[in-house]
Amino acid sequence: MKTMLSTQNQSARLSFSAGLNRKLSVIQHTFDCNNAVSYLKKYNIESDFLNNRPIALSAAIAVNLFNKLKETFKFFPFWSPSINVYKKNDLLIADKDLYHFCIPEEKKVLLNKKSFKPASIFYSDISSLEELNYQAEKGYELGLKPSNHFLSDVIHEMMHAIYVNRIYEKYGNKSFSVLQELQDRHFSKTENEVIGDILGKAATEPLNQYHEVFADTFTKSICNSLAINDCMPYKNPLESFKQYPKEFINIIKKVLDV
């Protein structure tokens, strides 16, 4: 999800029902970002959090979560060359609605920085976990997002990185042309009705739809498997696929067969 929703009346809407617990809400204020940098470095992931504690904490939790799920998701492990926090004034991409995002090709993204490699992730310089929580809750309430878990936007961008990496691993030097073609490939009206019912309206948008359906599908399955007390899985995320209609399973097969 790249568009940031209005944060008006954010404090009045704060909920601890979807993953964000009071312990994490307190920890974010004293969390040492260097701990997250060192942890990600172990997995060859560079990071620059600009001392943004909420994002550093969330990213560390999410990467730890993917490590816990590495056997379940061994067919597409998570890795990104870099995870970054950016400030709006430093952004070289002309999109006023940009929020969190993952780049599919090497490019210049930030002022005074070198080009970033494909599958690099960028998170907005948010103020708190409560903001992440609000964005997830509001998006879910409006029928845009597939999950109201506070980590859903963080995990969503990591799923984009996984999909981009899969394409580069499969197509090598032809990857960029595949990504360009895939940018405009979208689903039919009938398929979008199914997608909208299961994933929400955002996944029915035609631009980069295969990327979004992949990211939203597995973000939903992961978030629905997490325990509230520690954000770790208490069940296999892939169990959720048993409840989906065959029409949606066929859509996912198309996304995976790229």
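So the sequence shown is residues 232 to 489, counted in the numbering used here. Virtual Cβ for every residue (Gly too), placed ideally from N, Cα, C.
Under the DSSP definition of a beta bridge, which residues are partnered with residue i?
i, result
"residue 364", "Note: residue 364 sits in no beta bridge, so no partner."
"residue 464", "457"
"residue 378", "Looking at the DSSP assignment, residue 378 forms no beta bridge with any residue, so it has no partner."
Checking 8 Å against the spacing of the C-beta atoms, do residue i and residue j come in under that value?
i, j, result
"residue 445", "residue 394", "yes"
"residue 381", "residue 353", "no"
"residue 429", "residue 475", "yes"
"residue 324", "residue 351", "no"
"residue 432", "residue 374", "yes"
"residue 312", "residue 345", "no"
"residue 469", "residue 303", "yes"
"residue 274", "residue 294", "yes"
"residue 378", "residue 392", "no"
"residue 383", "residue 435", "no"
Since residue i is in the beta strand (DSSP E), which residue starts that stretch and which ends it?
i, result
"residue 314", "313-317"
"residue 277", "277-279"
If you follow the alpha helix (DSSP H) that residue i is part of, which residue opens it and which one closes it?
i, result
"residue 396", "383-402"
"residue 471", "Neither: residue 471 is in no alpha helix (DSSP H) and is coded neither H nor E."
"residue 487", "477-487"
"residue 251", "Residue 251 -> no alpha helix (DSSP H), and no H or E assigned at all."
Exercise. Does the segment 391-401 come close enough to the segment 460-479 that 3 or more CB-CB pairs lie under 8 Å?
Worked result: no
Exercise. Is there contact here, the segment 263-273 with the segment 383-396, by at least three beta-carbon pairs under 8 Å?
Worked result: no
Exercise. Contact between the segment 432-448 and the segment 408-423: three or more CB pairs below 8 Å?
Worked result: yes
Problem set entry | Touch test, the segment 277-292 against the segment 354-362, Cβ-Cβ under 8 Å, three pairs minimum | yes
For this session: Go through the segment 321-362 residue by residue and report every complete run of the beta strand (DSSP E) that reaches 3 residues or more, in order.
Result: 352-355
Exercise. If you pair each beta-carbon of the segment 250-262 with each one of the segment 333-347, do three or more pairs fall below 8 Å?
Worked result: no
For this session: Could you name each continuous alpha helix (DSSP H) segment of 4 residues or more that falls completely within the segment 413-462, going from the start of the chain to the end?
Result: 420-430 and 440-454
For this session: Go through the segment 262-306 residue by residue and report every complete run of the beta strand (DSSP E) that reaches 3 residues or more, in order.
Result: 277-279
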